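The structure appears right after this line, and notes come after that.
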Amino acid sequence: MSIERGRFRRLRRLRQTEGLRRLVRETRLNVEDFIYPLFVVHGRGVRREVRSMPGVYQLSVDQLGAEVEELLELGIGAVLVFGIPAQKDELASEAYDPDGIVQRAVRELKKRAPDLVVITDVCNCEYTSHGHCGIVRDGRIVNDPTLELLARTAVSHAEAGADMVAPSDMMDGRVLAIREALDRAGFIEVPILSYAAKYASAFYGPFREAAESAPAFGDRCSHQMDPGNRREALREIETDIEEGADAIIVKPALAYLDVIAAARERFEVPIAAYNVSGEYAMVKAAACNGWIDEQRVVLEVLTGIRRAGAQMIITYHAKDVARWLQSGRIGTALEQALLG
1450 MSIERGRFRR
1460 LRRLRQTEGL
1470 RRLVRETRLN
1480 VEDFIYPLFV
1490 VHGRGVRREV
1500 RSMPGVYQLS
1510 VDQLGAEVEE
1520 LLELGIGAVL
1530 VFGIPAQKDE
1540 LASEAYDPDG
1550 IVQRAVRELK
1560 KRAPDLVVIT
1570 DVCNCEYTSH
1580 GHCGIVRDGR
1590 IVNDPTLELL
1600 ARTAVSHAEA
1610 GADMVAPSDM
1620 MDGRVLAIRE
1630 ALDRAGFIEV
1640 PILSYAAKYA
1650 SAFYGPFREA
1660 AESAPAFGDR
1670 CSHQMDPGNR
1680 REALREIETD
1690 IEEGADAIIV
1700 KPALAYLDVI
1710 AAARERFEVP
1720 IAAYNVSGEY
1730 AMVKAAACNG
1740 WIDEQRVVLE
1750 VLTGIRRAGA
1760 QMIITYHAKD
1770 VARWLQSGRI
1780 GTALEQALLG
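What follows is the structure, encoded as structure tokens:
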């Protein structure tokens, strides 16, 4: 068979050298786009590794100074704070206690690093005795009474110095309730980063160990989204934006790249994707068994999330990626280029 030259496209021309590939690369990662999750507990001297998440720790407040110093040295400028309370009850009392674990952590973080962007998770599941995201009556999670608790929690986080609050509960109307409460309390400038499309996912297992937030009965399918729905996610995002969300989160990331892409196409607000605990744990487990090249897989995963349209990535890999870059241990020129 003879092929007439010039009758087909030669797309490989721009792939011949690393210099050419770098020049035309469409998507790049930057550690400044990362948000690193922190799990904070009561006590002193606590640095407890999460069994299912190698390299991730529960930290007491007195350990946050060293953690922040490391993050800033690595170029990571934002954290998402989760708290594990000393006691739990049916009304999630420590969630909105002015001296609660998150409130104490926020004050310490802002004292240590005023320019660090401190984002707080606003939910009830870590603080309730039953492990659910809202008030439970007759075995059911009731929506509207839960909104008051979420709003009180968000205001208490703002009072402690949080730069941004991130409601993750998926109750209807919670963004509006939080926005109105923040405004009434004088925190008009505190933005809301809403978990607008949060799916009822099996990828959350390791997180529930880290945050000690597994439900005591049932599941969260009555409020978190069904994995089969994409159009519903766009309605959720649109609703949260209308209610006052300044930016939104899609969670998890890898199984919902199409949702991230659809949201990026339709909405102008900043979009974050949460590269969740199960996604992290799978990569770590495979790497520990020698089945994959951890560096290349992590970079490919995060690049895929970024390519789908996420401007910010909440990821437990953030410190590893930053260390690889700073130490020069990135395996190939291609991987170095992916990090810009």
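Taking the numbering used here, I'd label the letters of the sequence shown as residues 1450 to 1789.
For glycine and all other residues, C-beta sits at the position ideal for the given N, C-alpha and C.
Being a predicted model, the structure only gives us computed values, none of them experimental.
Open item on the list: Could you check whether the Cβ of alanine 1702 sits closer than 6 Å to any heavy atom belonging to the ligand ATP?
Closed with: Among the components modelled here there is no ligand, and therefore nothing to report on the ligand ATP.
Open item on the list: Let's test the definition: count the other Cβ atoms within 10 Å of the Cβ of glutamine 1775 and tell me whether it reaches 16, buried, or not, exposed.
Closed with: By the neighbour-count criterion, in which 16 or more other beta carbons inside 10 Å mark a residue as buried, glutamine 1775 falls on the exposed side.
Open item on the list: Buried or exposed, going by whether 16 or more other CB atoms sit within 10 Å of the CB of lysine 1537?
Closed with: Under this definition lysine 1537 is a buried residue.
Task: Same chain, Cβ closer than 8 Å to leucine 1599, five either side skipped, listed in chain order - done: Its chain contains Val1571, Cys1572, Asn1573, Pro1616, Asp1618, Met1620, Arg1623, Ala1626 and Ile1627 as the residues whose beta carbon lies nearer than 8 Å to that of leucine 1599, once the 5 sequence neighbours on both sides are disregarded; these appear in chain order.
- [ ] Compare the C-alpha of glycine 1635 against each of Ala1645, Val1499, Gly1610 and Tyr1653 and name the closest.
- [x] That would be Gly1610, whose Cα lies nearest to the Cα of glycine 1635.
Open item on the list: Contact between the segment 1719 to 1733 and the segment 1748 to 1767 is defined here as three or more beta-carbon pairs at a separation below 8 Å; is this criterion met?
Closed with: Yes: the two stretches touch, three or more of their Cβ pairs being nearer than 8 Å.
Task: Backbone secondary structure at alanine 1786 - three-state DSSP - done: Because alanine 1786 sits at a pLDDT of 47, beneath the cut-off of 50, its placement in the model cannot be relied upon, and the following sentence gives the value as read from the coordinates. In this structure, alanine 1786 counts as helix in the three-state DSSP scheme.
Task: Exposure label - alanine 1782; buried when at least 16 CB within 10 Å - done: With a pLDDT of 41 at alanine 1782, under the threshold of 50, the modelled position of that residue is not reliable, and the figure given next carries that caveat. Alanine 1782 should be labelled exposed.
TODO: Helix, strand or coil for asparagine 1738, going by three-state DSSP, please let me know.
DONE: Coil.
Task: Of the listed residues Tyr1648, Arg1556 and Ile1550, nearest to glutamate 1790 (C-alpha basis) - done: In the structure displayed, the chain extends from 1450 to 1789; residue 1790 sits before or after that span and is not available.
Open item on the list: Helix, strand or coil, according to DSSP, for valine 1489 in the structure here?
Closed with: Note: valine 1489 maps to strand in three-state DSSP.
- [ ] Starting from the C-beta of alanine 1834, find all residues in its chain whose C-beta is less than 6 Å away, skip the five residues before and the five after it, and write them out in chain order.
- [x] Coverage of the chain is limited to positions 1450 through 1789, which leaves residue 1834 absent and any answer about it impossible.
Open item on the list: Using the Cβ count rule (16 or more neighbours within 10 Å means buried), how would you classify glycine 1583?
Closed with: For glycine 1583, the number of other beta carbons within 10 angstroms of its own is at least 16, and it is reported as buried.
Task: Beta-bridge partners of alanine 1630, as assigned by DSSP - done: According to DSSP, alanine 1630 bridges with nothing at all.
- [ ] With a cut-off of 8 Å on the beta carbons, I'd call alanine 1730 and phenylalanine 1483 a contact; round off their distance for me.
- [x] Not confirmed; about 18 Å, so no contact.
Task: Sub-7 Å separation of valine 1639 and alanine 1607 beta-carbons - done: In this structure, valine 1639 lies near alanine 1607, with their beta-carbon atoms less than 7 Å apart.
- [ ] Give the straight-line distance between the Cα atoms of arginine 1458 and glutamate 1749, rounded to the nearest whole angstrom.
- [x] One C-alpha to the other measures close to 27 Å.
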